[in-house]
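Those sequence lines, one after another, are chains A and B. Under my numbering, think of the first position of the first sequence as 243, with each following residue one higher. Under my numbering, think of the first position of the second sequence as -9, with each following residue one higher. Positions of the beta carbon are idealized from the N, C-alpha and C atoms, including for glycine. This report concerns only the one structure given below.
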Amino acid sequence: DVKVTQSSRYLVKRTGEKVFLECVQDMDHENMFWYRQDPGLGLRLIYFSYDVKMKEKGDIPEGYSVSREKKERFSLILESASTNQTSMYLCATSRDRANSPLHFGNGTRLTVT
Amino acid sequence: DQQVKQNSPSLSVQEGRISILNCDYTNSMFDYFLWYKKYPAEGPTFLISISSIKDKNEDGRFTVFLNKSAKHLSLHIVPSQPGDSAVYFCAATYNNNDMRFGAGTRLTVKP
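Next up, the structure:
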């Protein structure tokens, strides 16, 4: 079974802080994704990566950056947290590009005050 | 602009009856569709999928139907069980590209 681990379940940060959300997977999957989930909007793609040191913008990359220095780890960075980034953040992986289902972590509920 | 739409935020059905969850999409390039199920405090888990070359895929109590001309798909759960109560997300992808999700439908199955 694929295990996708997000380092924190709940996080409270202040406006303007730099925030790191960590995601680690143990199945050697090439692809990793960061989504945010908001009521009425579903899951929206922030960034994704198909390989180490590679990153691509998703639909809502503004205010975020990512880092993938190792295959198993994909970090989401909020350079200067704002209240509109309060959300549930979900990391996901997939085996390859060809119609593979995503495997999700349990999410990080981030509150920015 | 949401390319995948689930217009019903919630659905309530009686145990043993059929649950039908609907999903519409706007991008005719989508060629693979998936349903995910999400319980509170957990990440979504993959439930069932269908390729655009098919119009039906069945897995136990779960069946997904695809109507390409209408850009519509639906998930049927028969018979519904209380353990099926969750939020269901429809998702779509094309050309091995990244996945787009709908807003989700909260299903409640009453005993």
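Closer than 7 Å to chain B by CB, residue i
i: F290(A); result: yes
i: L283(A); result: yes
i: Y316(A); result: The amino acid at residue 316(A) is misidentified as Tyr; the sequence shows Phe. Closer than 7 Å: no.
i: P343(A); result: yes
i: N326(A); result: no
i: L332(A); result: yes
i: L263(A); result: no
i: L437(A); result: Any question about residue 437(A) goes unanswered here, given that chain A covers just 243 to 355.
i: L287(A); result: yes
i: G258(A); result: no
Residue i burial status per 10 Å Cβ neighbour count (16 or more: buried)
i: Y29(B); result: exposed
i: Y306(A); result: buried
i: D88(B); result: buried
i: L325(A); result: One point to set straight first is that residue 325(A) is Thr, not Leu, in the sequence displayed. So T325(A) ends up on the exposed side.
i: F262(A); result: exposed
i: R7(B); result: exposed
i: K104(B); result: Any answer about residue 104(B) is impossible in this case: the structure gives chain B only from -9 up to 101.
i: Y252(A); result: exposed
i: R256(A); result: exposed
i: P101(B); result: exposed
i: I288(A); result: buried
Host beta strand (DSSP E) of residue i (start-end)
i: I38(B); result: 35 to 41
i: L332(A); result: 329 to 336
i: E264(A); result: 261 to 267
i: M89(B); result: Premise fails: M89(B) is in no beta strand (DSSP E) and is neither H nor E.
i: Y22(B); result: 22 to 28
i: A82(B); result: 76 to 83
i: N16(B); result: Sequence inspection shows Thr at residue 16(B); the Asn mentioned does not correspond to that position. Looking at the DSSP string, T16(B) is not in any beta strand (DSSP E), and its letter there is neither H nor E.
i: N48(B); result: For the sequence presented, residue 48(B) should be read as Glu rather than Asn. 46 to 49 is the span of the beta strand (DSSP E), which, as asked, contains E48(B).
i: E272(A); result: No beta strand (DSSP E) holds E272(A); DSSP gives it neither H nor E.
i: L65(B); result: 62 to 67
i: K255(A); result: 252 to 255
i: L1(B); result: 0 to 4
i: Q(-8)(B); result: That residue, Q(-8)(B), is in no beta strand (DSSP E); it is neither H nor E in DSSP.
i: N57(B); result: 52 to 57
7 Å Cβ cutoff, residue i in contact with chain A
i: Y22(B); result: yes
Interfacial residues, the segment 294 to 317 of chain A to chain B, with Cβ spacing under 7 Å: Under the 7 Å Cβ criterion, the segment 294 to 317 of chain A contributes G300.
Near-chain A residues of the segment 33 to 52 of chain B (beta-carbon distance less than 8 Å), N- to C-terminal order: Within the segment 33 to 52 of chain B, the residues whose Cβ lies closer than 8 Å to any Cβ of chain A are, in chain order, G33, P34, T35, F36, S39, S41.
Residues of the segment -1 to 15 of chain B whose Cβ lies closer than 8 Å to any Cβ of chain A, in chain order: Going along the segment -1 to 15 of chain B in chain order, one finds P(-1) with a Cβ nearer than 8 Å to chain A.
Residues in the segment 83 to 97 of chain B having any Cβ partner in chain A nearer than 8 Å: Against chain A - using a Cβ distance shorter than 8 Å - the residues of the segment 83 to 97 of chain B are T83, N86, N87, D88, M89, R90, F91, G92, A93, G94.
Contact set between the segment 55 to 79 of chain B and chain A, restricted to residues whose Cβ is under 7 Å from the partner: Within the segment 55 to 79 of chain B, the qualifying residues are F79.
Entirely enclosed alpha helix (DSSP H) segments - the segment 291 to 318 of chain A, minimum 4 residues: Secondary structure in the segment 291 to 318 of chain A: no alpha helix (DSSP H) run of 4 residues or longer lies completely within the stretch.
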